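Asker:
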Amino acid sequence: MIEAVGLTKRYGAKTAVDGVSFTVQPGKVTGFLGPNGAGKSTTMRMVVGLDRPSAGSVTVNGKHYAQHRAPLQEVGTLLDAKAVHTGRSAQNHLLAMAATHGIGKARVREVIEMTGLEGVARKRVGGFSLGMGQRLGIAAALLGDPQTLILDEPVNGLDPEGVLWVRNLVRYLAGQGRTVFLSSHLMSEMALTADHIIVVGRGRVIADAPVGDIVARATGTTVRVRSPQAAELEAAVRAAGVTVASPELGVLEITGSTAPAIGEAAARAGVVLHELTPLNGSLEDAYMQLTAQDVEFHSHAPLGGPAPAGQAAHPASPKGATAPLNEGALR
Amino acid sequence: MTTLASPAPAAATRPRAAVKPVTLTRVVASEWIKFRTIRSTFWTLPVTALLMIGLAVLYAWGATTVGPEEMGAVDGASVITSGWYFAQLAVSVLAILTISGEYSTGMIRSTLAAVPKRLPALWAKAAVLAVVVAVVSVIAVALAWVAVLPFADQLDLSLDLGDPSTLRMVAGAPLYLATIAVFAFAIGALMRHSAGALAVVLGLLLVIENVFALIPLRFFELVSPFLPSTAGTRLLLTDETLDSMNRVEDAVQLSAWQGYGVLVVWTVVLLVLAAVLLRRRDA
Chain A
388 MIEAVGLTKR
398 YGAKTAVDGV
408 SFTVQPGKVT
418 GFLGPNGAGK
428 STTMRMVVGL
438 DRPSAGSVTV
448 NGKHYAQHRA
458 PLQEVGTLLD
468 AKAVHTGRSA
478 QNHLLAMAAT
488 HGIGKARVRE
498 VIEMTGLEGV
508 ARKRVGGFSL
518 GMGQRLGIAA
528 ALLGDPQTLI
538 LDEPVNGLDP
548 EGVLWVRNLV
558 RYLAGQGRTV
568 FLSSHLMSEM
578 ALTADHIIVV
588 GRGRVIADAP
598 VGDIVARATG
608 TTVRVRSPQA
618 AELEAAVRAA
628 GVTVASPELG
638 VLEITGSTAP
648 AIGEAAARAG
658 VVLHELTPLN
668 GSLEDAYMQL
678 TAQDVEFHSH
688 APLGGPAPAG
698 QAAHPASPKG
708 ATAPLNEGAL
718 R
Chain B
56 MTTLASPAPA
66 AATRPRAAVK
76 PVTLTRVVAS
86 EWIKFRTIRS
96 TFWTLPVTAL
106 LMIGLAVLYA
116 WGATTVGPEE
126 MGAVDGASVI
136 TSGWYFAQLA
146 VSVLAILTIS
156 GEYSTGMIRS
166 TLAAVPKRLP
176 ALWAKAAVLA
186 VVVAVVSVIA
196 VALAWVAVLP
206 FADQLDLSLD
216 LGDPSTLRMV
226 AGAPLYLATI
236 AVFAFAIGAL
246 MRHSAGALAV
256 VLGLLLVIEN
266 VFALIPLRFF
276 ELVSPFLPST
286 AGTRLLLTDE
296 TLDSMNRVED
306 AVQLSAWQGY
316 GVLVVWTVVL
326 LVLAAVLLRR
336 RDA
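Chains A and B, in that order, are what the protein sequence lines are. For the first sequence, counting from 1, position 114 maps to 501 in my numbering; every step adds exactly one. For the second sequence, counting from 1, position 249 maps to 304 in my numbering; every step adds exactly one.
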């Protein structure tokens with residue numbers, strides 16, 4: 388269990404993490420999402436005491452990380468696949484880490500086998516690919532058989548097989564009642580892996596809810612309806628909060644209502660329906676919608692040319708844009 | 056990439072992996088593994104030993120070609136410790152790299168995640184470094200004596216460890232090198248960048264100390280004896296040399312051990328400063 392209260396990190400005038408509070412529960416995979424520069428890595432580094440918070444505090448299993456007598460048994464961390472001396476072999480790196488906690492050679496062999504590093508364990512880390520570096524980072528995180536795992540972008544650079552392996556591993560560990568806190572840029576991967584999602588943007592928590600809720604509430608549910616009497620149907624379902632779009636003739640996409648409600652309204656109005664399909668939004672859509680105003684580094688359309696200075700970030704007040712969600716059921 | 060084992064087996068089948076609390080002894084064990092598993096840095100040690108032995112042999116050989124009239128009496132302890140000047144450069148580079156290498160590669164984050172109280176990692180690194188440098192220097196000095204034995208008769212060399220002055224010089228070389236290594240290590244820990252720390256330490260040892268010693272102005276005459284290496288190497292001077300230095304009018308009076316004490320003070324102050332900053336700074 389990880390508990391952050393008012394966690395804040397300032398670098399000079401810039402606030403990287405701004406009063407973030409959240410709880411990461413055991414027995415679940417909690418995803419940590421946000422655009423580049425949103426403060427994900429800084430937050431994770433503060434959890435394990437590598438960065439000192441400017442304000443607020445964070446505890447793991449009830450104590451500050453540094454106060455645990457055997458920290459590697461409490462938390463396994465992959466913060467940065469390149470947090471390894473390039474001149475040392477993978478095996479010696481793990482043996483040195485293990486020695487601080489009196490962890491035996493057998494356990495080192497075990498994590499090497501688990502992460503599929505047998506073939507390169509005696510090679511210098513400097514020659515490792517990004518994927519092998521990630522595996523070594525995960526091996527190091529697993530060394531102390533920790534109750535809590537913090538993994539920053541664990542699938543970054545892994546091949547599809549490695550991605551699947553990480554997904555199964557974290558699901559398995561969470562299934563054993565462990566706490567898993569995972570950040571990723573791969574939205575589709577997060578949708579498959581995480582039970583719960585915390586979204587941050589520009590140093591603040593934008594959403595903190597189960598994956599299903601995030602998707603449903605951020606995108607709303609859209610229902611596609613096909614009818615030869617589209618105009619009558621549109622009039623029948625018109626209500627506050629309902630928007631209707633017509634992507635092609637005879638097809639309506641209705642947002643803000645539900646399939647049963649639309650079906651009943653159609654029956655009352657005597658409208659014939661050829662199709663009535665609820666469309667699920669994706670986590671990616673939800674994420675884009677949530678973070679639209681909180682992206683630190685906007686990319687621009689290739690034809691648009693370079694943006695004028697100062698226009699890069701936040702054209703509108705980010706708070707205003709996300710306020711409905713913040714005050715809604717998500718928080 | 057080889058196929059991956061399914062996560063199910065060892066990941067956490069019930070008997071959990073045996074994990075013990077972090078202690079200073081365990082951190083020292085970890086730092087010793089780290090120290091000996093970086094080939095490039097580890098090799099500086101045999102190089103240091105070879106430098107010390109080689110210079111002792113050259114010194115002795117040179118002395119035989121000059122002849123006793125010009126050379127005067129040759130002191131055995133001086134001969135076998137004559138390589139200290141180059142050896143200090145080699146151990147300083149090694150010392151700086153043991154800490155700055157962790158910063159440049161990002162390893163420091165793994166180190167501090169395993170030892171979040173941080174200071175044990177600093178003490179353990181310094182201790183491993185000091186002990187290893189001392190042991191290697193003792194071996195080098197012993198081998199240097201063996202290596203100059205062929206010239207012993209000709210130069211009338213002797214080495215009587217029962218003589219306090221000889222013992223001080225012979226033990227002083229390992230002691231000085233171990234201390235100057237920790238001094239350089241502290242600067243590496245403060246600066247965290249290999250190039251910057253190397254520039255400071257080598258600049259001090261090769262340039263500043265020598266320049267200060269040469270300038271005949273009162274300020275430099277007063278400061279120079281208290282510079283780390285100038286003070287610390289008093290341990291390696293014969294009683295006669297020390298006496299003649301301390302007899303100079305208005306000169307700073309320091310005994311061999313007082314001089315070494317000055318180096319120790321420099322080292323302790325810098326190491327404490329490094330410790331304070333290590334606790335404060337983000338890794």
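All C-beta atoms, glycine included, are put in the ideal place defined by N, C-alpha and C. None of the values given here were measured: they were computed from a predicted structure.
Shortest alpha-carbon distance to Ala-142 (chain B) belongs to which of B:Gly-258, B:Ile-135, B:Thr-103 and B:Ala-150?
Answerer: The shortest Cα separation from Ala-142 (chain B) among B:Gly-258, B:Ile-135, B:Thr-103 and B:Ala-150 belongs to B:Thr-103.
Asker: What is the residue span of the alpha helix (DSSP H) that Tyr-231 (chain B) lies within?
Answerer: From DSSP, the alpha helix (DSSP H) with Tyr-231 (chain B) extends over 219–246.
Asker: Would a C-beta distance cut-off of 7 Å place Arg-289 (chain B) and Gly-314 (chain B) closer than the cut-off?
Answerer: For Arg-289 (chain B) and Gly-314 (chain B), yes; Cβs fall inside 7 Å.
Asker: Using 8 Å as the threshold, is the segment 147–162 of chain B in touch with the segment 82–97 of chain B, meaning 3 or more CB pairs across them?
Answerer: Output reads yes: the segment 82–97 of chain B touches the segment 147–162 of chain B.
Asker: Can you find a CB in chain A that lies within less than 7 Å of the CB of Val-77 (chain B)?
Answerer: yes
Asker: Is Asp-405 (chain A) close to chain B, meaning its C-beta is less than 7 Å from at least one C-beta of that chain?
Answerer: no
Asker: Who are the near neighbours of Ala-197 (chain B) in its chain, counting only those whose CB is closer than 6 Å to its CB and skipping five residues on each side?
Answerer: The answer is none, since no qualifying residue turns up.
Asker: Could you check the C-alpha separation between Gly-443 (chain A) and Ala-581 (chain A) for me, to the nearest Å?
Answerer: 26 Å
Asker: Can you give me the Cβ contacts of Ser-284 (chain B) inside the same chain, cut-off strictly under 8 Å, excluding the 5 residues immediately before and after it?
Answerer: Gln-143, Ile-235, Leu-259, Leu-260, Glu-264 and Leu-318
Asker: Could you tell me which uninterrupted alpha helix (DSSP H) segments, each at least 4 residues in length, are contained entirely in the segment 70–152 of chain B, listed from first to last along the chain?
Answerer: 79–91, 94–97, 99–121, 123–126 and 131–135
Asker: Quick one: grab the DSSP three-state call for Ile-490 (chain A).
Answerer: coil
Asker: In whole angstroms, what is the alpha-carbon distance linking Ala-627 (chain A) and Val-411 (chain A)?
Answerer: Whole-angstrom Cα-Cα distance: 37 Å.
Asker: Leaving aside the five residues before and after Ala-330 (chain B) along the sequence, list all residues of the same chain whose C-beta is less than 7 Å from its C-beta, in chain order.
Answerer: Leu-174 and Leu-177
Asker: Would you mind stating whether Thr-417 (chain A) and Asp-405 (chain A) have Cβ atoms separated by less than 7 Å?
Answerer: no
Asker: Need the endpoints of the alpha helix (DSSP H) that Thr-429 (chain A) sits in, please.
Answerer: 427–434
Asker: The segment 432–451 of chain A: which residues have C-beta closer than 8 Å to a C-beta of chain B, in chain order?
Answerer: From the segment 432–451 of chain A, only Arg-432, Val-435, Gly-436, Leu-437, Asp-438 and Arg-439 have a Cβ closer than 8 Å to chain B.
Asker: To the nearest angstrom, how far is the alpha carbon of Met-501 (chain A) from that of Val-112 (chain B)?
Answerer: 54 Å
Asker: DSSP has His-583 (chain A) in a bridge; who is on the other side?
Answerer: Under DSSP, His-583 (chain A) shares a beta bridge with A:Thr-417 and A:Pro-597.
Asker: Apart from the five residues just before and just after Met-484 (chain A), which ones in its own chain have a Cβ nearer than 7 Å to its Cβ?
Answerer: Ala-527 and Leu-530
Asker: Starting from Ile-537 (chain A) and walking both ways along the beta strand (DSSP E), at which residues does that stretch end?
Answerer: 535–539
Asker: Expressed to the nearest angstrom, what Euclidean distance is found between the alpha-carbon atoms of Gln-616 (chain A) and Leu-663 (chain A)?
Answerer: Rounded to whole angstroms, the gap between the alpha carbons of Gln-616 (chain A) and Leu-663 (chain A) is 14 Å.
Asker: Going along chain B, which residues have a C-beta under 7 Å from Lys-492 (chain A)?
Answerer: Per Cβ cutoff of 7 Å: no residues; Lys-492 (chain A) is ~11 Å from chain B at best.
Asker: Within the continuous beta strand (DSSP E) that includes Tyr-452 (chain A), where are the two ends?
Answerer: Neither: Tyr-452 (chain A) is in no beta strand (DSSP E) and is coded neither H nor E.
Asker: Report yes if the C-beta distance between Ala-228 (chain B) and Trp-321 (chain B) is below 7 Å; otherwise report no.
Answerer: no
Asker: Since Tyr-398 (chain A) sits in a beta bridge, which residues does DSSP pair it with?
Answerer: A:Lys-401
Asker: Who are Arg-511 (chain A)'s beta bridge partners in DSSP?
Answerer: A:Ser-476
Asker: Relative to the C-alpha of Leu-538 (chain A), which candidate in A:Glu-548, A:Gly-562, A:Phe-515 and A:Thr-566 has its C-alpha closest?
Answerer: A:Thr-566
Asker: Which two residues bound the contiguous beta strand (DSSP E) that contains Ser-570 (chain A)?
Answerer: 566–570
Asker: Which complete beta strand (DSSP E) runs does the segment 617–657 of chain A hold, if anything under 3 residues is left out?
Answerer: 630–635 and 638–642
Asker: Closer than 7 Å by beta-carbon distance: list the chain B residues that pair up with Lys-469 (chain A), in chain order.
Answerer: Gly-161
Asker: Output, in chain order, the set of chain B residues within a Cβ distance shorter than 7 Å of Gly-637 (chain A).
Answerer: What Gly-637 (chain A) touches in chain B: nothing, since even the nearest Cβ is about 50 Å away.
Asker: If we ignore side chains and look at the alpha-carbon of each, how far apart do Phe-110 (chain B) and Gly-161 (chain B) end up?
Answerer: Correcting the residue type first, residue 110 (chain B) is Leu in the shown sequence and not Phe. Cα to Cα, Leu-110 (chain B) sits roughly 38 Å from Gly-161 (chain B).
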